[in-house]
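Step one of this worksheet: look at the structure below.
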DNA sequence: AAGATAAAGAATAACTTTTATCCATTAAGT
DNA sequence: ACTTAATGGATAAAAGTTATTCTTTATCTT
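Chains as they are written, first to last, in the numbering used here: chain A, 984 to 1116; chain B, 984 to 1116.
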């Protein structure tokens, strides 16, 4: 378990109990949407406001502490910022897995071919996971 | 210019003037979000309802006639269904380009390595286009 | 071509999702 | 401890999307 108090501070984010709980939930669950995150947080902080969830998600995205992952036919989920990676999405059970795919060569080629300077990729591969086929 | 009357019918969609105008706009512009689409349509049909835009987008997605493209830090855009392709997004000017990337070998490898059966990919590469660097 | 009918459009309300506002509370630096 | 700027909670407001009702129309059948 990481020391998220300092990680938050390093990103110029005050380490409030609500924030630490959100970060902890993302650490444990990997990917969560606002709805399920709120559902979890309300258990710890019975008076937490949904606006607090949104405000924190937004500021943590702004400070690059977390990332939004947009999924086809589903609500966006959020994850702690890690090294660049892609996502596997199971259409049946909704499970999301991180997957490391080296895209460097491909990006290099596309950059040249299309005269397009590429900074970042959002790559979601959808189908059926091991348990759902 | 294609005959979209028949294409719509083949997808079990009535060819109404409003629908044809939407399809035509997508054909011409490539990618549009609900807001800009409504802005264009209101010029042709002064009494068109925003609900009509949403209803048509939803049913056309359902019938696989158009596709939603989810973009980082921007509203989703819609495009006519074509052969599978990826997208280049310019962070500066917002331009979106289709790009053919052969992912077959990569998908094959990922499927094996992760025991995950992959049907479909959503791949957006962001950066700066030719004119914005 | 005319009539019948299921589907679609317009207008509007309702609902969902997200953001803004205001004030009380608190984390963090001095 | 004290101060202050930032954050949380409560709530309202705004933005985005869907549902409802009734009228109109595209399409099928004669």
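Where is the CB? At the ideal position from N, CA and C, for every residue including glycine. The structure presented is a predicted model; accordingly, all values stated were derived computationally and were not measured.
Quick one: using the 10 Å Cβ neighbour count with 16 as the cut-off for buried, is residue 984/B buried or exposed? Position 1 of the second chain, counted from the start, is the residue given in the question as residue 984/B. Residue placement at residue 984/B is poorly supported in this model, since its pLDDT is 49, which falls under 50; the coordinates still yield a value, given next. With fewer than 16 other Cβ atoms within 10 Å, it is exposed.
Compare the C-beta of residue 1049/B against all C-beta atoms of chain A and say whether one is closer than 9 angstroms. As a working note, residue 1049/B is residue 66 in the second chain. False, the Cβ-Cβ gap to chain A never drops below 9 angstroms.
Which full runs of the beta strand (DSSP E) of 3+ residues lie inside the stretch 994-1076 of chain B, going along the chain? 1049-1052, 1060-1063, 1069-1073
Between which two residues does the alpha helix (DSSP H) containing residue 1083/B stretch? In the second chain, residue 1083/B corresponds to position 100, counting from 1. Counting along the chain, residue 1083/B sits inside no alpha helix (DSSP H), nor does DSSP assign it H or E at all.
Helix, strand or coil at residue 1111/A [DSSP, three-state]: Residue mapping note: residue 1111/A aligns to position 128 of the first chain, counting from 1. Looking at residue 1111/A - three-state DSSP - the assignment turns out to be strand.
Starting from residue 986/A and walking both ways along the alpha helix (DSSP H), at which residues does that stretch end? Within the first chain, the letter at position 3 stands for residue 986/A. Counting along the chain, residue 986/A falls outside any alpha helix (DSSP H), and DSSP gives it neither H nor E.
Could you check if residue 1105/A is buried or exposed, using at least 16 other CB atoms within 10 Å of its CB as the buried criterion? Along the first chain, read from residue 1 onward, the residue named residue 1105/A stands at position 122. It counts as buried.
Chain-ordered chain A contacts of residue 1109/B [CB-CB under 9 angstroms]: The residue given as residue 1109/B occupies position 126 in the second chain. Here the neighbours are 1101, 1102, 1103, 1104, 1105.
Closest residue to residue 1090/A among 1032/B, 1094/B, 1082/B, 1087/B (Cα-Cα distance): The count along the first chain starts at 1 and reaches residue 1090/A at position 107. The candidate whose alpha carbon is nearest that of residue 1090/A is 1082/B.
Distance, residue 1019/B Cα to residue 1031/B Cα: To locate residue 1031/B, count along the second chain from 1; it is residue 48. To locate residue 1019/B, count along the second chain from 1; it is residue 36. Going by the C-alpha atoms only, they are around 14 angstroms apart.
Examine chain B for any beta-carbon lying closer than 9 angstroms to the beta-carbon of residue 1082/A, and answer yes or no. Start at 1 with the first residue of the first chain, and residue 1082/A comes out as number 99. It does: the Cβ of residue 1082/A has a partner Cβ on chain B nearer than 9 angstroms.
Alpha carbon to alpha carbon, what distance is there between residue 1016/A and residue 1051/A? One-based indexing of the first chain puts residue 1051/A at position 68. One-based indexing of the first chain puts residue 1016/A at position 33. Cα to Cα, residue 1051/A sits roughly 9 angstroms from residue 1016/A.
Do you know how far the Cα of residue 994/B is from the Cα of residue 1001/B? Your numbering for residue 1001/B matches position 18 in the second chain. Your numbering for residue 994/B matches position 11 in the second chain. Rounded to whole angstroms, residue 1001/B to residue 994/B spans 16 angstroms at the Cα level.
Using the DSSP secondary-structure output, state which residues sit across from residue 1106/A in a beta bridge. Position 123 of the first chain, counted from the start, is the residue given in the question as residue 1106/A. According to DSSP, which records beta bridges pairwise, residue 1106/A is partnered with 1106/B.
C-beta neighbour in chain B for residue 1074/A, strict 9 angstroms: As a first step, residue 1074/A is located in the first chain; it is residue number 91 there, counting from the start. So yes, residue 1074/A belongs to the interface.
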